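**Q**
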Amino acid sequence: MTEMTIETPAAPLPQSRHVATAVPGPRSRMLHQERVAHVSAGFGITLPVFIDRADGGILQDVDGNRFIDFASGIAVTSVGAANLRVRQRVAAQLDRFTHTCFMVTEYDSFTQVCRWLNEHTPGDFDKRTALFSTGAEAVENAVKIARAATGRPNVLVFDEAYHGRSLLTMAMTAKVNPYRLNFGPLPVEVFRAPSANPLRPSDGGAPGTVDAAAALAAVEDMLTERGPETFAAMVIEPIQGEGGFIVPAPGFLAGLRTIADRHGIVLVMDEIQAGMGRTGTLYASEYEGVAGDLTLSAKALAGGLPLSAVTGRTELMNAVHAGGLGGTYAGNPLACEAALAVFEEFEDGTLLANARSIEAVAREVLEPLVAEIGVVVQFRGRGAMLALELADPDTLKPRPDLAQAISAACHAEGVLTLTCGTYGNVIRLLPPLVINDELLRDGLGVLSGVIRKTAAAAAPALSGS
Ligand code: PLZ
342 MTEMTIETPA APLPQSRHVA TAVPGPRSRM LHQERVAHVS AGFGITLPVF
392 IDRADGGILQ DVDGNRFIDF ASGIAVTSVG AANLRVRQRV AAQLDRFTHT
442 CFMVTEYDSF TQVCRWLNEH TPGDFDKRTA LFSTGAEAVE NAVKIARAAT
492 GRPNVLVFDE AYHGRSLLTM AMTAKVNPYR LNFGPLPVEV FRAPSANPLR
542 PSDGGAPGTV DAAAALAAVE DMLTERGPET FAAMVIEPIQ GEGGFIVPAP
592 GFLAGLRTIA DRHGIVLVMD EIQAGMGRTG TLYASEYEGV AGDLTLSAKA
642 LAGGLPLSAV TGRTELMNAV HAGGLGGTYA GNPLACEAAL AVFEEFEDGT
692 LLANARSIEA VAREVLEPLV AEIGVVVQFR GRGAMLALEL ADPDTLKPRP
742 DLAQAISAAC HAEGVLTLTC GTYGNVIRLL PPLVINDELL RDGLGVLSGV
792 IRKTAAAAAP ALSGS
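Okay, here's the thing in structure tokens:
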């Protein structure tokens with residue numbers, strides 16, 4: 342048997358955009374053909390290039406193309422995809438052991454991750470944490486905990502929500518295609534209330550007319566009709582992610598807090614996409630001064646390793662019978678070490694400041710497009726969770742065709758953008774918080790150039806040119 346050695350790349354990955362071939366290049370095309378021959382067709386793909394290395398703000402593919410990363414693996418690699426602290430801690434743990442199963446024998450890193458989350462999640466009350474692996478698992482377990490604590494069955498969720506792909510969480514997710522199509526029947530205990538989307542009010546009112554009070558009255562009506570005493574939990578994203586990077590009307594989250602308190606409903610803050618520093622505060626709900634009874638963390642929590650958490654009031658977290666929570670890989674030791682490295686990265690406040698300066702730079706480059714180009718109807722978001730919505734400026738009819746065309750053109754020029762939204766007409770930016778200023782400006786420059794070109798080609802009258 343030949344001896345294996347771990348080769349660490351000697352040279353740092355250049356932090357510059359470089360388009361060496363057509364995108365995707367020949368090697369990626371070949372690998373993609375092989376993928377199709379072996380991988381279930383059920384997985385979609387945003388950009389079919391195969392990644393060889395990633396670090397900082399760059400993804401390098403097998404053809405030598407270097408893409409500016411405006412995706413972070415969907416808000417995961419906030420500290421970079423090859424963060425030194427993460428690599429060192431995980432490597433040291435690899436040498437000790439990879440797994441014991443926390444339900445079989447214990448290890449201290451699990452406790453330390455829970456301790457940090459108890460201390461840093463919103464809410465000035467005594468807390469406990471439970472660790473799992475994926476975001477959907479955190480959501481499912483929050484519902485289990487809320488049911489065990491309240492003895493009630495029902496769950497309230499909102500328009501435009503995304504909470505996962507497992508059977509319960511896909512029922513909690515609003516969008517049918519691709520998430521729910523063909524996968525029913527769905528659990529019947531999930532009810533959906535209007536959200537407070539400032540651009541597209543659920544009540545069909547004119548844009549900008551939504552106020553939190555009206556949306557909250559609709560939530561109360563919904564609860565009254567179904568019986569508030571049947572609801573265990575109310576689950577909300579402080580900024581809705583997959584649904585379109587929607588920042589709810591001010592006061593909406595605080596109003597939900599009041600309603601939850603009035604009816605003894607557990608308020609679950611799904612911070613899986615918006616949390617862990619993404620928006621410039623550790624948790625996005627801090628902007629509204631609202632604390633969930635349970636707060637969910639995942640994605641960026643462990644710098645790319647699978648780890649998720651439910652953190653919340655001790656009386657809720659401890660209402661579950663011993664043995665009621667768990668999972669073979671829940672709080673895997675490699676993932677826990679990675680999370681401890683991520684916490685160290687957040688310690689001096691630089692990453693949070695980076696998120697805020699990413700917003701400032703992106704606002705400077707992208708916000709003028711709203712006035713300049715009719716179909717860019719809104720620039721929104723917080724910190725490094727930002728989006729542009731494409732729609733007809735008069736009717737607000739969504740233009741997913743333009744969002745797709747713009748995104749594809751960015752990909753061809755070496756900038757990895759993602760789309761989102763109920764209508765697929767939103768371009769979202771989720772750069773790693775460690776992206777340098779030059780790369781950020783280069784990527785934003787490509788995006789704004791592409792938007793101008795695409796809008797002008799699609800509808801000269803609307804582009805203002
Ligand atoms: N809650 C708020 O954003 C995951 C989904 C990608 P998992 N969002 C990315 C896809 O198409 O599958 C997400 C989220 C919020 C829960 C989840 C679910 O987290 O780790 O994907 O299970």
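342 is the number of the first residue of the sequence shown in my numbering; add one for each residue after it.
Positions of the beta carbon are idealized from the N, C-alpha and C atoms, including for glycine.
What you are looking at is a predicted structure, and each value in this text was computed from that prediction instead of being measured.
(1) Quick one: residues in its chain with C-beta nearer than 7 Å to the C-beta of Phe443, no 5 flanking neighbours on either side, listed in chain order?
(2) I need the DSSP call for Arg368, collapsed to helix, strand or coil.
(3) On a Cα-Cα basis, can you pick out the residue from Tyr628, Val551 and Val651 that is closest to Asp611?
(4) Quick check on the contact list: which residues have their beta carbon closer than 6 Å to a heavy atom of ligand 1?
(5) So who's on the other strand from Cys677, going by DSSP bridges?
(6) Out of curiosity, what's the CA-to-CA distance linking Val531 and Leu770?
(7) Give every residue of the same chain whose Cβ lies closer than 7 Å to the Cβ of Asn495, excluding the five residues on either side of it in the sequence, and list them in chain order.
(8) I need the boundaries of the beta strand (DSSP E) containing Met610, first residue and last residue.
(9) Within the segment 628–681, note down every full alpha helix (DSSP H) run reaching 4 residues or more, in order along the chain.
(10) For Ile587, name the three-state secondary structure that DSSP assigns.
(11) So if DSSP puts Val496 in a beta bridge, which residue, or which two residues, is it bridged to?
(12) For Gly584 and Thr758, I'd like the C-alpha separation in whole angstroms.
(13) Anyone know if the C-beta pair for Tyr628 and Thr636 falls short of 9 Å?
(14) Do you know how far the Cα of Gly715 is from the Cα of Gly805?
(15) Measure the C-alpha to C-alpha separation of Arg358 and Gly421 and round it to an integer number of angstroms.
(16) Would you report the Cα separation of Thr736 and Val718, rounded to the nearest angstrom?
(17) Rounded to the nearest angstrom, what separates Glu678 and Ala479 at their Cα positions?
(18) Determine the extent of the beta strand (DSSP E) in which Gln401 is found, giving its start and end residues.
(19) Taking 8 Å as the threshold, find out whether the segment 740–756 comes into contact with the segment 791–801 through three or more Cβ pairs.
(20) Any chance the CB of Tyr624 is under 8 Å from a heavy atom of ligand 2?
(21) Touching or not, the segment 460–480 and the segment 643–660, by the rule of three or more beta carbon pairs under 8 Å?
(22) Who are the Cβ neighbours of Thr669 in its own chain at under 7 Å, not counting the five residues just before and after it?
(23) How should Ala616 be labelled, buried or exposed, when 16 other C-beta atoms within 10 angstroms of its C-beta is the threshold for buried?
(24) To test your reading of the DSSP string, which unbroken beta strand (DSSP E) runs of 3 or more residues are found completely within the segment 445–504?
(25) May I ask which residues mark the beginning and end of the alpha helix (DSSP H) holding Leu693?
(26) Using three-state DSSP, classify Ile415 as helix, strand or coil.
(27) What are the boundary residues of the alpha helix (DSSP H) that includes Gly592?
(28) On the three-state DSSP scale, how would you describe Thr343?
(29) Taking its Cβ as the centre, do 16 or more other Cβ atoms sit within 10 Å of Asp742, making it buried, or is it exposed?
(30) Would you kindly report the start and end of the unbroken beta strand (DSSP E) that includes Ile409?
(31) Could you give the DSSP three-state label for Cys442: helix, strand or coil?
(32) Note down, in chain order, each residue of its chain lying with its Cβ closer than 6 Å to the Cβ of Pro539, except the 5 sequence neighbours on either side.
(33) Hey, could you find the ends of the beta strand (DSSP E) Thr760 is sitting in?
(34) In whole angstroms, give me the CA-to-CA distance for Ile399 and Leu731.
**A** Inspection of the coordinates gives the following:
(1) Numbered from 1 along the sequence shown, position 102 holds the residue referred to as residue 443. Within the same chain, Phe443 has close Cβ partners Phe451, Ala671 and Gly672.
(2) Start at 1 with the first residue of the sequence shown, and residue 368 comes out as number 27. Three-state result, Arg368: helix.
(3) As a position in the sequence shown, residue 611 is number 270, starting the count at 1. The shortest Cα separation from Asp611 among Tyr628, Val551 and Val651 belongs to Val651.
(4) Ile415, Thr475, Gly476, Ala477, Val480, Tyr503, His504, Gly505, Arg506, Glu578, Gly582, Glu583, Asp611, Ile613, Gln614 and Ala639
(5) For this step, residue 677 is matched to residue 336 along the sequence shown. BP columns for Cys677 are empty, so no partner.
(6) Taking the sequence shown and counting its residues from 1, one reaches residue 531 at position 190. Taking the sequence shown and counting its residues from 1, one reaches residue 770 at position 429. Straight-line Cα distance between these residues: approximately 30 Å.
(7) Here residue 495 refers to the residue found at position 154 when the sequence shown is read from its first residue. So the list reads Glu530, Phe532, Arg567, Thr571, Phe572 and Ala573, once near-sequence residues are dropped.
(8) In the sequence shown, the residue the question calls residue 610 occupies position 269. Looking at the DSSP string, the run of the beta strand (DSSP E) that includes Met610 is Val607 to Asp611.
(9) 655–658
(10) Your numbering for residue 587 matches position 246 in the sequence shown. Three-state result, Ile587: strand.
(11) Translated into positions along the sequence shown, residue 496 becomes position 155. Paired residues: Val531 and Ala574.
(12) Working through the sequence shown from its first residue, we reach residue 584 at position 243. Working through the sequence shown from its first residue, we reach residue 758 at position 417. When rounded, the distance between both Cα atoms is 16 Å.
(13) Locating residue 628 in the sequence shown gives position 287, counting from the first residue. Locating residue 636 in the sequence shown gives position 295, counting from the first residue. In this structure, Thr636 does not lie closer than 9 Å to Tyr628 by Cβ.
(14) Working through the sequence shown from its first residue, we reach residue 805 at position 464. Working through the sequence shown from its first residue, we reach residue 715 at position 374. With a pLDDT of only 46 at Gly805, under 50, the local geometry of the prediction cannot be trusted, and the value read off the model is given with reservation. Those two C-alpha atoms are separated by around 7 Å.
(15) In the sequence shown, residue 358 corresponds to position 17, counting from 1. In the sequence shown, residue 421 corresponds to position 80, counting from 1. Their backbone Cα atoms lie some 16 Å apart in a straight line.
(16) Translated into the one-based positions of the sequence shown, residue 736 becomes position 395. Translated into the one-based positions of the sequence shown, residue 718 becomes position 377. Distance between the alpha carbons of Thr736 and Val718: 11 Å.
(17) To locate residue 678, count along the sequence shown from 1; it is residue 337. To locate residue 479, count along the sequence shown from 1; it is residue 138. The alpha-carbon atoms of Glu678 and Ala479 are separated by roughly 19 Å.
(18) Here residue 401 is taken as the residue at index 60 of the sequence shown, counted from 1. Looking at the DSSP string, the run of the beta strand (DSSP E) that includes Gln401 is Ile399 to Asp402.
(19) yes
(20) Ligands in the displayed structure: ligand 1; ligand 2 is not one of them.
(21) yes
(22) Locating residue 669 in the sequence shown gives position 328, where the first residue counts as 1. Closer than 7 Å at Cβ, skipping near neighbours: Cys442.
(23) In the sequence shown, the residue the question calls residue 616 occupies position 275. It should be pointed out that residue 616 corresponds to Gly in this sequence rather than to Ala. Under this definition Gly616 is a buried residue.
(24) 468–473 and 495–499
(25) The residue you call residue 693 lines up with position 352 of the sequence shown. Its alpha helix (DSSP H) spans residues Thr691 to Leu707.
(26) Start at 1 with the first residue of the sequence shown, and residue 415 comes out as number 74. Helix at Ile415.
(27) Mapped onto the sequence shown, residue 592 falls at position 251. Run containing Gly592: none; DSSP gives neither H nor E here.
(28) Working through the sequence shown from its first residue, we reach residue 343 at position 2. Reliability of the predicted coordinates at Thr343 is poor, the pLDDT of 49 falling under 50, and the value obtained from them is presented with this limitation in mind. Three-state result, Thr343: coil.
(29) Against the sequence shown, residue 742 aligns to sequence position 401. The residue in question, Asp742, is exposed, as its Cβ has fewer than 16 Cβ neighbours within 10 Å.
(30) To locate residue 409, count along the sequence shown from 1; it is residue 68. Unbroken beta strand (DSSP E) run through Ile409: Arg407 to Asp410.
(31) For this step, residue 442 is matched to residue 101 along the sequence shown. If DSSP states are grouped into helix, strand and coil, Cys442 belongs with coil.
(32) Indexing the sequence shown from 1 puts residue 539 at position 198. Hits under 6 Å: Val551 and Ala590.
(33) Translated into positions along the sequence shown, residue 760 becomes position 419. First-last of the beta strand (DSSP E) with Thr760: Leu759 to Cys761.
(34) Within the sequence shown, residue 399 is the residue found at index 58, counting from 1. Within the sequence shown, residue 731 is the residue found at index 390, counting from 1. Straight-line Cα distance between these residues: approximately 26 Å.
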